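K.L.:
Structure in structure tokens, see below.
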């Protein structure tokens, strides 16, 4: 009986990934939108109250209101990199520039 080639062998080692999501600039805005909690620092609290009308919290996702476009979805930096990598790879592996890639992300709903 032949031994299986290394390419055909299955991986049996389980992989566990622990992600430590650091806080982002969105966290105070989300906290204010979800449960009206503000930071202790008065200047930051006033700023969050002022800019909170620019944002919407809907179905667990933060969106920014826009005049000329639909709601803009905010994602973590890690998720943003993953989205742009997926869009950049695509089916045909198109190598488009930054501006065109950003427009493509907006057209697909991000």
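Residue numbers (this note's numbering): 7 to 116. All C-beta atoms in this analysis are idealised placements derived from N, C-alpha and C, irrespective of residue type, glycine included. If you're wondering where the values come from, they're calculated on a predicted model, not measured in any experiment.
Is the beta carbon of residue 68 closer than 7 Å to that of residue 80?
P.N.:
Taking the first residue of the chain shown as 1, we reach residue 80 at position 74. Taking the first residue of the chain shown as 1, we reach residue 68 at position 62. In this structure, residue 68 lies closer than 7 Å to residue 80 by Cβ.
K.L.:
Which of the three DSSP states, helix, strand or coil, is assigned to residue 71?
P.N.:
On the chain shown, position 65 is the one that residue 71 refers to. Coil, per DSSP.
K.L.:
Apply the 10 Å Cβ neighbour rule to residue 83 and answer buried if 16 or more other Cβ atoms are within range, or exposed otherwise.
P.N.:
Locating residue 83 in the chain shown gives position 77, where the first residue counts as 1. So residue 83 counts as exposed.
K.L.:
Give the DSSP-derived three-state secondary structure of residue 47 in the structure shown.
P.N.:
As a working note, residue 47 is residue 41 in the chain shown. Residue 47: coil per DSSP, three-state reduction.
K.L.:
Would you kindly work out how many angstroms separate the C-alpha atoms of residue 77 and residue 113, rounded to a whole number?
P.N.:
Your numbering for residue 77 matches position 71 in the chain shown. Your numbering for residue 113 matches position 107 in the chain shown. Distance between the alpha carbons of residue 77 and residue 113: 12 Å.
K.L.:
So the alpha helix (DSSP H) residue 103 belongs to, where does it begin and stop?
P.N.:
One-based indexing of the chain shown puts residue 103 at position 97. Run containing residue 103: none; DSSP gives neither H nor E here.
K.L.:
Can you tell me the Cα-Cα spacing of residue 110 and residue 55, whole angstroms?
P.N.:
Walking along the chain shown from the start, residue 110 turns up at place 104. Walking along the chain shown from the start, residue 55 turns up at place 49. Straight-line Cα distance between these residues: approximately 32 Å.
K.L.:
What whole-angstrom Cβ distance do residue 36 and residue 64 have, given they're in contact under 8 Å?
P.N.:
Taking the first residue of the chain shown as 1, we reach residue 36 at position 30. Taking the first residue of the chain shown as 1, we reach residue 64 at position 58. At roughly 12 Å, the Cβ-Cβ gap does not stay under 8 Å, so residue 36 and residue 64 are not in contact.
K.L.:
Alpha carbon to alpha carbon, how far is residue 41 from residue 86? Give it in angstroms, no decimals.
P.N.:
Numbered from 1 along the chain shown, position 80 holds the residue referred to as residue 86. Numbered from 1 along the chain shown, position 35 holds the residue referred to as residue 41. Going from the Cα of residue 86 to the Cα of residue 41 covers about 26 Å.
K.L.:
I need the straight-line Cα distance from residue 184 to residue 95, nearest angstrom please.
P.N.:
Residue 184 lies beyond the stretch modelled for the chain, which goes from 7 to 116, so this question has no answer here.
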